[in-house]
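If you're matching them up, the sequences are chains H and B in order. Every letter in the first sequence is one number past the one before it in our numbering, and letter 160, counting from 1, is 154. Every letter in the second sequence is one number past the one before it in our numbering, and letter 376, counting from 1, is 577. Note that the Cβ used here is the ideal one computed from N, Cα and C, for glycine as well. From a predicted model like this one, the values you see are computed outputs, not experimental measurements.
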Amino acid sequence: PHFIIQVPEKDDAICFNIDEDPGTVLSLIQDPVTGLSVNGQIIGDKRDSSNSNTRKTYFGKLGITNAQMDFRIEVTTEKITLWNGVVPTTLSWLDTVTVTQDGLSVTINRKKNMVISFGRGVTFVVVLHRVWKKHDFLGFYVVDSHRMSAQTHGLLGQFFHPFDFEVSDVHPGSDPTKPDAIMVVKNHQLTVTRGSQKDYRKDTSVGMKVNCWFVHNNGEGLIDGVHTDYIVSNLL
Amino acid sequence: LPEGLVDGIEVYSTKINSKVTSRFAHNVITTRAVNHAEEAKEIFFDAELPKTGFITNFTLTIDGVTYPGNIKEKEVAKKQYEKAVSQGKTAGLVKASGRKLEKFTVSVNVAAGSKVTFELTYEELLKRNKGKYEMYLKIQPKQLVKHFEIDVHIFEPQGISTLDAEASFITNDLLGSALTKSFSGQKGHVSFKPSLDQQRSCPTCTDSLLNGDFTVTYDVNRESPGDVQIVNGYFVHFFAPQGLPVVPKNVVFVIDVSGSMSGRKIQQTRDALLKILEDVKKDDYLNFILFSGYVTTWKDQLVQATPENLQEAKTFVKSIRDQGSTNINDALLRAIHMLNKAQEEHRVPERSTSIIIMLTDGDANTGESRPEKIRENVRNAIEGKFSLYNLGFGRNLDYSFLESMALENQGLARRIYEDSDADLQLQGFYEEVANPLLTSVKVEYPDNAIQDLTQNSYQHFYDGSEIVVAGRLVDEDMNNFKADVKGHGALSDLVYTKEVDVKEAEKALKEQDYIFGNFIERLWAYLTIEQLLEKRKNAQSEEKENLTAQALDLSLKYHFVTPLTSMVVTKPEDNENQMAFADKPGEDAEGKPSQHPARSATPSTAYQVRYQPPQNPYYYVDGD
C-alpha cells in the first residue's frame, strides 16, 4: 500500500510505500489516551507475482477499535461488521446506511465509502476501490484527528503531530520526469523523488492527483524506526 | 375404476397454475369434467384457498360457453342472493376450513355427454415468516384425475436463494418422481404431475393417494437490505436487513388460568411456556401474571432472564393450576403498570422493547367485564408505548374484542386452535415476536414524489420477516427519489437510505412480462385493501365509512372478492331464482355462534343444509 502524508504547513505532501507480504497486519494509528487504534491487513493484487519489486499490495481489511467505548469495526471489501461489546452488527457495502449511537456515527455510502466519526474531532473515511470481483481493495483517510492525543503513533498516527521537513538540491533523477532531491526530516537526510499519488476521497474511480515527495525503502528515515516495527498480530 | 370414472363423471383434468412475482401470487385452479352418464348429473368443484387470498374470478364453462364473474358491492349482490337463498337454491359456498384455508365449493347440473370447466382465480401477497415465503395448497381430489398438475412459476427480481416444495402425501419414491423443483437466478419452478397410476393409493385401488398439504417455500437474495421495484408508475419497497443484533425484550406473559383452561389447555400452556423459557435470551427481562377472578404475579417486578431466574420461572410455570373466573382488565392493567414502572425506574435496558403477551380462552366475567371499557382502560394505560399481543385459545371467546384491543395497541391477535399441537402454536407465535431487530421503524419518501402509500411505520421489524410498502409515483417521468428507513436497533439508531433510479428500476423489471404486467399495481391494491379493512375494525362512524368506501372502491376496481364485495356468475338466459353462492368467512365466523346470532343467518351455515342443485347455474362468490 502507498501512504500520503499531507503537510498543510508546507503546502506539500510526502509519500511512501510499505511492501510486505499479503496477510501482514500493520498498525496505522495507535492512541493510548483515547483508546483508538486502526490496523490494516495487506492483500496482493490479482497478479500472482512472487517478485516483490513488481508485486502490488493494498489494504484488504481494516480494523478500527475504540477500547474506551468497547467498540470495534472490521471493514473488508465484502462487508462491514460493527461490534459493541461482543454483539455484532453486519452491514454490506451495498447498503446506504447511517448508524448512530452516543459519540459514534458510521455512514456507509453504497459501494463508495464509509465515514466513521468518534464525536467531533476524529473522522476517518474508508474508500472501497472496486477493481474486479474478489480483488477490490480499501483506502483509508484521516480527515480529522484533532481530538487524538500527542501520544498517537502508528504508520499514519505519528504524523498527526506537527513535523518539519526541508527539501533541497533538486536534481534530475533516473526518470527524467521525476526529479530527485535531498530531504531533511526527523534528523535524517534522505534522497527523495518527486512523484504523485491519488486521493480517492471525492472520486473513487478517477481520484485526484496529489504531488508528493516519495521516500524510498518502505519510508525508511521518515517513519519512526523501521516498517517492520509496525507489524502487529491481529487486526482487532 | 378405469380412468377415474366415478358415477359416470370423469374429472379428466385438474391444474393449479401459480405465478408468483415479487411475492405476489396469482393462482388459477382449473378443473375439467365430463358427464359420461346417460342422464344429467351434478358435478362438484372444490378448492381450498388461503384465508389471506382474495378471489378475483370464477368462471364456469359449459359446452364451450363461458359465464364470467362480476364483482358487485356486497349489499347489491345480497338482494339477488337473498331471493335465491329464500328459495333454497344456493350451490356455491366458501367456508372456513382448518386454520389457514377457506374452502370454495360449487356444483352444477350437467346434461348427459356435456363437459364443464371450472376456473377459480385468487391472488395473495406471500408474507415472509421465519426467513421464508410460504405458498400453501391443499390437495384432495375426489377421484383419480387423468391430467393432474401443479405448476408454480416464481419470478423474483432480487434472485431466488432457496426454493423447496413438500407434500404431506408424498410417501414413496414413485410419487416423489412426479415432483420437480428447480431455481436459477431470478426464476424458480415447481411442478407436480403424478400419473394416474401414481395417484392410486395401491396398484389396484381406485381411490387417490393425493390428500394433504402441498407447500412451496422460498426466499430471495438479500445483498442489500432494501429493494424497490417499479412498474407502470407503481412501486413496492421490500425491506429486510440482515446481520443486526436482537433488541432485548421486556416481556410480561399474562396467562388466563380460569376454570375453563382446565385439563389439556392448561397443560399445553405450561408446556409451551416451559419451551419458551428455553428460548428467552439473557438480555431479556420477564415476568408472569396469572389471572382468574384474581390476579397473581410471579415476581413483583420484571427480572432479567439469568439462568437462575429462568430456572425459578420454570418451577413457577410447572406449578400453574386452573381456578375460578376471568378478570382480563385487572391482569392487563397490572402488566402495563409493571412495564411502565420498570422503564421509569430504569430497571430494564434503555435500548429495549416492551411487550405484553396475553393468552385467554374466554371472555371477561369478573371485575370490569365490558369489552369496550377494558379496551379503553388498556389503551389509556399503554398510551402507545408498547405492544400488546393477544392469543385467543379455542373457540369460546370473543376474538374480535381481542383483535381490536391488540391492533389499537401496536400488536396483533392470533387464534390458538384447540388441538394436539396448541403448545407448538403458542411457541411458534413467541418465536415470531422473539427477535425484534429494529423498533419504531419508519419508511419515508419525499412528499412530492409518492402518493397513496400503504402503511409505512411499524412498531417492530422481526428477524425473518419483511416490511413491504407500496405506493404510486406522483410523476411517472421522474428520474429518481430517495427512500429512508429509520429504526432503533439494539445498539444504535440506523437510517437506511435507498436512492431509487426510476428508469433503471423499470428497466430491471422488463422481464416482468414473464409473469403478468401490472402485478405491482395489484400488489399495491391488495395491500391497501388489506390495511384499510384492518383499520376499519377499530374505526368509528365517519372514519369507518370513509375506510369502507375506499376499500370498496378498490375491491370493485381491482376485481377482488373482499368482505365488502361479492362475485356473481350468471348464465344470461337464467332467471334469478337459479343461482349458487359462495361465502368468504372472516375470523369472526370462527367464534361462538351463540354470542353472534347474526352469524347463524349467514349463508355458509344456514343454507348449506338446504341445498338443492339448480337446474341451471347461477353463481355467486362472496366475501364476509
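Approximately 6 Å separates the beta-carbon atoms of B:Ala614 and B:Gly593; this is inside 8 Å, confirming the contact.
Using a CB distance cut-off of 8 Å, B:Tyr495 does not count as an interface residue toward chain H.
For B:Glu424, at least one C-beta of chain H is nearer than 8 Å to its own C-beta. Ranking H:Val137, H:Gly151 and H:Val136 by CA distance to the CA of H:Ser143 puts H:Gly151 first. Straight across, the Cα-Cα distance linking B:Thr416 with B:Gly389 is about 14 Å.
Within the segment 134 to 207 of chain H, the complete beta strand (DSSP E) runs of at least 3 residues fall at 159 to 165, 174 to 179 and 182 to 193. Taking the Cα positions, B:Val675 is about 22 Å away from B:Leu748. By the Cβ neighbour-count rule, H:Gly34 is buried, with 16 or more other Cβ atoms within 10 Å of its own. Between B:Asn422 and B:Gly665, the C-beta gap is not smaller than 8 Å, which leaves the two residues out of contact. Restricting attention to beta strand (DSSP E) runs no shorter than 3 residues, the segment 671 to 744 of chain B encloses them at 681 to 689 and 694 to 702, ordered along the chain. Inclusion of B:Thr763 and B:Ala752 in the CB contact set at 8 Å is warranted, their separation being smaller than that value. By DSSP's assignment, B:Phe415 forms a beta bridge with B:Leu338 and B:Ala368. Collapsing the DSSP output to three states places H:Asp6 in a strand. B:Val221 carries a strand assignment under DSSP once its states are collapsed to helix, strand and coil.
Annotation: B:Thr497 to B:Ile467 spans about 16 Å, alpha carbon to alpha carbon.
As summarised for the segment 600 to 684 of chain B, the continuous alpha helix (DSSP H) elements at least 4 residues long and confined to that stretch are 600 to 608 and 623 to 635, given in chain order. DSSP places H:Lys55 outside any alpha helix (DSSP H); the residue lies instead in the beta strand (DSSP E), whose first and last residues are Thr51 to Asn60. Chain-order list of chain H residues neighbouring B:Ala691: Val81, by C-beta distance under 7 Å. Neighbours of B:Lys699 in chain H, taken as residues whose beta carbon is under 7 Å from its own, are Thr90 in chain order.
Distance between H:Gln0 and H:Val137, taken at the CA atoms: about 11 Å. Interface residue (Cβ-Cβ distance to chain B less than 8 Å): H:Thr71 is not classified as such. The criterion of a C-beta distance shorter than 8 Å is not satisfied by H:Gly79 and H:Glu68. A contact is defined here as three or more CB-CB pairs under 8 Å, and the segment 107 to 114 of chain H fails this definition with respect to the segment 170 to 177 of chain H. Counting the other Cβ atoms within 10 Å of the Cβ of H:Cys9 gives 16 or more, which makes it buried.
Residue nearest to H:Ile102 within the set B:Phe489, B:Cys403, B:Val696 and B:Lys745 is B:Val696 (criterion: CA-CA distance). Annotation: the continuous alpha helix (DSSP H) that includes B:Ile583 extends over Pro572 to Ile583. Close to B:Gln443, with beta-carbon spacing below 8 Å, are these residues of chain H in chain order: Thr84.
Between the C-alpha atoms of B:Lys483 and H:Leu122 there is a straight-line separation of about 37 Å. Within the DSSP secondary-structure output, B:Arg552 pairs in no beta bridge. Secondary structure note for B:Phe454: its beta strand (DSSP E) is the uninterrupted segment Lys450 to Asp457. Sequence-distant partners of H:His182 (beyond 5 residues in either direction) whose C-beta falls short of 8 Å from its own C-beta, in its chain, are Gly215 and Leu216.
In this structure, B:Leu608 sits away from B:Lys745, with a CB-CB distance that is not shorter than 8 Å.
The alpha-carbon of B:Leu540 is positioned some 11 Å away from that of B:Ser553.
Contact between B:Val549 and B:Tyr486 holds, with the beta-carbon distance rounding to 5 Å and staying under 8 Å. In chain H, no part has a C-beta under 9 Å from the C-beta of B:Pro358; the shortest such distance is about 15 Å.
Sorting B:Asn258, B:Lys275, B:Glu274 and B:Lys273 by C-alpha distance to the C-alpha of B:Thr267 places B:Asn258 at the top.
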